[in-house]
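The block underneath contains the structure these notes are about, expressed in structure tokens.
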Amino acid sequence: MLYLQNLNLIMIKKLFITLFVSVTLVSCVQKRDLSQNTVIAHILSQPDGLHPFNDNSAMRTFVFQYTQKTLIKLDIESLEYIPTLVKEMPIASEDNLSFEYEIKEGTLWDDGTELNAEDVAFSVKLMLCPLTNNAQIRGNYTSVIKSIELDPSNPMKFTMHAQNIHWENKFIFSELYMVQKALWDAKGVLDKVTFTDLLSEDFNETEALQQWFNAYNNADNGYQPKLLVGLGAYQVTEWEASQYITIEKKENWWGKNDNSIYSKAYPEKIIFKIIKEDASSYLALKNQEIDVTTSIGTVKLIKLQEREYFNNNYDSEFLDRYAFSYMGLNMKPDGIKQKPYFIDQKVRRAMAYLIPIDEIIEVMMHGKASRQASLISPLKKTYNDTLKLIPLDIEKAKELLTEAGWVDTDGDNIRDKMINGVKTPFSFKLSYMSSPTSKEIVLMMKESLYKAGIVAEPTPMDFTLFYKNAMDHNFDGMLGGWGGSASYSNPMQLWHTSSWATKGSNFCGFGDAESDALIEEANLTLDPEIHRNALLKLQAKVYKDQPYIFLYSTKRKFAIHKRFNNRGMYYERPGVMLQNLELKADFSSKTLTPTDGQ
Numbered sequence: 001m002l003y004l005q006n007l008n009l010i011m012i013k014k015l016f017i018t019l020f021v022s023v024t025l026v027s028c029v030q031k032r033d034l035s036q037n038t039v040i041a042h043i044l045s046q047p048d049g050l051h052p053f054n055d056n057s058a059m060r061t062f063v064f065q066y067t068q069k070t071l072i073k074l075d076i077e078s079l080e081y082i083p084t085l086v087k088e089m090p091i092a093s094e095d096n097l098s099f100e101y102e103i104k105e106g107t108l109w110d111d112g113t114e115l116n117a118e119d120v121a122f123s124v125k126l127m128l129c130p131l132t133n134n135a136q137i138r139g140n141y142t143s144v145i146k147s148i149e150l151d152p153s154n155p156m157k158f159t160m161h162a163q164n165i166h167w168e169n170k171f172i173f174s175e176l177y178m179v180q181k182a183l184w185d186a187k188g189v190l191d192k193v194t195f196t197d198l199l200s201e202d203f204n205e206t207e208a209l210q211q212w213f214n215a216y217n218n219a220d221n222g223y224q225p226k227l228l229v230g231l232g233a234y235q236v237t238e239w240e241a242s243q244y245i246t247i248e249k250k251e252n253w254w255g256k257n258d259n260s261i262y263s264k265a266y267p268e269k270i271i272f273k274i275i276k277e278d279a280s281s282y283l284a285l286k287n288q289e290i291d292v293t294t295s296i297g298t299v300k301l302i303k304l305q306e307r308e309y310f311n312n313n314y315d316s317e318f319l320d321r322y323a324f325s326y327m328g329l330n331m332k333p334d335g336i337k338q339k340p341y342f343i344d345q346k347v348r349r350a351m352a353y354l355i356p357i358d359e360i361i362e363v364m365m366h367g368k369a370s371r372q373a374s375l376i377s378p379l380k381k382t383y384n385d386t387l388k389l390i391p392l393d394i395e396k397a398k399e400l401l402t403e404a405g406w407v408d409t410d411g412d413n414i415r416d417k418m419i420n421g422v423k424t425p426f427s428f429k430l431s432y433m434s435s436p437t438s439k440e441i442v443l444m445m446k447e448s449l450y451k452a453g454i455v456a457e458p459t460p461m462d463f464t465l466f467y468k469n470a471m472d473h474n475f476d477g478m479l480g481g482w483g484g485s486a487s488y489s490n491p492m493q494l495w496h497t498s499s500w501a502t503k504g505s506n507f508c509g510f511g512d513a514e515s516d517a518l519i520e521e522a523n524l525t526l527d528p529e530i531h532r533n534a535l536l537k538l539q540a541k542v543y544k545d546q547p548y549i550f551l552y553s554t555k556r557k558f559a560i561h562k563r564f565n566n567r568g569m570y571y572e573r574p575g576v577m578l579q580n581l582e583l584k585a586d587f588s589s590k591t592l593t594p595t596d597g598q
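Here it is, written out as structure tokens:
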């Protein structure tokens, strides 16, 4: 009886909280002046941090679109690389090992000093240094950049010398954000460190360097607004944990007279509002509490598109994207904390036969997702379309599991196996980032796996813990996702064995000499045919070894308020350009609102 009373109290509390939140949201909308030049953008989670190099989440990159700058970038419309902070794309030497750049004049830091080649060299040193906490992406740069040579006669010129002929030599600066040397290293500690030192296997960690990097790597550097500075038009002014991040347009920004679409900065303020629950984001759109989303749930957007008031106020669309979701299987467990469930390729392939991907797409994504068989998006010309999608086939999975020695010896419907003399049931932990949708997907997987005698233990966690466990190889199976791009995604980060050894993004422990050689062959060439063929073979190798079960690529879900001009929607990430949203001069806040019947 006491249990029922407590349960009723809990239900009443939840109902009260829901009503309170709903009333609060509605009251906020009623007070909001939609004629203000402020964009409120919906995001699902806060960034893991906004540190210049150490953080690596998609949300961090989204915010950096407006606060930071790179020397070149992939144009979101043409999908071609264009110069942004340099006068032109780099000029290559005859041997394609040296690339000359000249920085545009008038690119200013917030203190009024000019971006110069010393800032570039400093930024590159930070990216290459083993003491920087950026192991997840460092290999992408150490495999390309050999050194930065400054021009003694022109502080705006420099030459990037490459390690080898490499596919990314010409584009390596497209995602390397510039940081100000005078702000971070006023005493010139890194001046004493050469590029040869940084890339040496016997890198000397002096006491002075250790102290400097301990301070630089401090997590506070990714959260304190006063340190979250860059060359972008906007500055972080407020960060309320798990609620919102506010960025405001700088008063005297250097690029306001630049005609590039990437230098437009129409909104006075952009607020990234964190809304995790679909019901809440639905309500926020319904009441015009947010202006832009690319992350609302599929069902909620479909429902909104059926409403006249929503279509009157918003443009909305479903568009393909380059990202994908996956189940990762730990191929190299330590044998103590993580049992060797997935060291056998037959077991990993059996797992692929047991995941009801088509049903998940139909039920959970309402058809608004597509499948892929490999690590490269089908939107790209380098996708290996000879690889067949793996169907749901429980009987085939059972055969493979039996061949791998996993059988039910005691009739409890759970397969088991003797491992190091101990009878071990096939019961593994399936880690995932906590959300209502992920929970339902995991339950669908759990039910299907159980039909073949495997128990999946759902293990939800927040992003920070999930990501740390992945890098530490502290998991059995995990549900993850990678954001993609039309640009070349260097497979070093996810698939080279060195990225497992250094606790990079090769979480599962995939790879051997053959796959490493294919990655290097794809990278260390400028010949499109050699590059493509190596990538086709790498995809076939990953497909055969099955470290990932490639699940689906969801469509990006857009809604942009019609009170703005320039409401572009793009396949390329992040899908929108918030800084281009220009408030209509004749906008009236008397927009159609929902009625009780809607």
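The working numbering numbers the first residue of the sequence shown as 1 and each following residue consecutively. Quick reminder that beta carbons are idealized off the backbone N, C-alpha and C, glycines included. The model shown is predicted, which means the values in this text are computed figures rather than measured ones.
Counterpart residues of residue i in DSSP-defined beta bridges
i: G477; result: L329 and L430
i: D416; result: V407 and P425
i: V86; result: I103
i: R556; result: L319
i: F550; result: Y326
i: A92; result: F99
i: S370; result: S553
i: Y81; result: L74
i: T293; result: H42 and A559
Beta-carbon contacts of residue i that lie in its chain and below 7 angstroms, excluding the five residues immediately before and after
i: N221; result: H51 and L227
i: K104; result: L85, V86 and K87
i: M1; result: Unreliable positioning characterises M1 in this predicted model, as indicated by a pLDDT of 33, which lies under 50. The coordinate reading is nonetheless provided below. Closer than 7 angstroms at Cβ, skipping near neighbours: no residue.
i: C28; result: Reliability fails at C28, whose pLDDT of 39 lies under 50, so the model's placement of it is uncertain and the value that follows must be treated cautiously. Around C28: E289.
i: Q180; result: W109 and D119
i: I549; result: Y326, M327, M351, A352 and I355
i: R60; result: P47, D48, G49 and L50
N-terminal and C-terminal residue of the beta strand (DSSP E) that residue i is part of
i: Q235; result: Y234 to E240
i: F272; result: K269 to I274
i: E248; result: Y244 to K249
i: A41; result: T38 to I43
i: V179; result: Run containing V179: none; DSSP gives neither H nor E here.
i: D457; result: The sequence shown places Glu at residue 457, not Asp. V455 to M461 is the extent of the beta strand (DSSP E) around E457.
i: K73; result: I72 to L74
Neighbourhood of residue i by C-beta distance below 8 angstroms, restricted to the same chain and skipping five residues each side
i: P436; result: E277 and D278
i: T554; result: T298, R321, A323, S325, M365, K368 and A369
i: P267; result: N37, T38, V39, K249, L578, Q579, L581 and L583
i: V189; result: A208, L209 and W212
i: Q493; result: Q136, I137, G139, N140, S499, G504, S505 and N506
i: F587; result: L34, S35 and R563
i: M225; result: Here residue 225 turns out to be Pro, not Met, going by the sequence shown. Same-chain partners within the cutoff: Q235, V236, T237, E238 and W239.
i: K346; result: L400, L401, E403 and A404
i: N116; result: I103, P155 and M156
Contact set for residue i: own chain, Cβ-Cβ below 6 angstroms, skip 5 residues either direction
i: P340; result: P333
i: N56; result: Q136
i: T409; result: D416
i: F62; result: P574
i: K446; result: A456
i: V229; result: D110
N- and C-terminal bounds of the alpha helix (DSSP H) containing residue i
i: E362; result: I357 to M364
i: V63; result: A58 to T67
i: P436; result: P436 to Y450
i: P607; result: For the chain, the structure presents residues 1 to 598; residue 607 sits outside this window and is missing.
i: F286; result: Reading the sequence as shown, one finds Lys at residue 286 and not Phe. Here the alpha helix (DSSP H) through K286 covers D278 to K286.
i: I519; result: A513 to N523
i: S499; result: T497 to A501
i: F342; result: Neither: F342 is in no alpha helix (DSSP H) and is coded neither H nor E.
i: V229; result: Note, V229: premise wrong, no alpha helix (DSSP H); not H, not E.
Count Cβ pairs between the segment 574–588 and the segment 555–564 that sit closer than 8 angstroms; are there 3 or more? yes
Residue ranges of each alpha helix (DSSP H) run of no fewer than 4 residues wholly in the segment 129–177, ordered along the chain? 135–142
Looking at C-beta atoms only, is the number of pairs between the segment 423–442 and the segment 450–466 that lie closer than 8 angstroms three or more? yes
Take every Cβ of the segment 354–363, pair it with every Cβ of the segment 376–394, and state whether three or more of those distances are shorter than 8 angstroms. yes
Inter-stretch contact (C-beta, 8 angstroms, three-pair minimum) for the segment 537–545 and the segment 303–318: no
Just checking, does the segment 176–190 make contact with the segment 114–130 on the three C-beta pairs under 8 angstroms criterion? yes
Stretch-stretch touch, CB-based, cutoff 8 angstroms, three pairs: the segment 496–514 with the segment 158–171: no
Three-pair Cβ contact test at 8 angstroms for the segment 158–165 versus the segment 94–114: yes
Indicate whether the contact test is met: 3 or more Cβ pairs, each with one atom in the segment 202–217 and one in the segment 140–152, closer than 8 angstroms. no
Ranges of the alpha helix (DSSP H) found wholly within the segment 183–216, counting only runs of at least 4: 195–199 and 207–216
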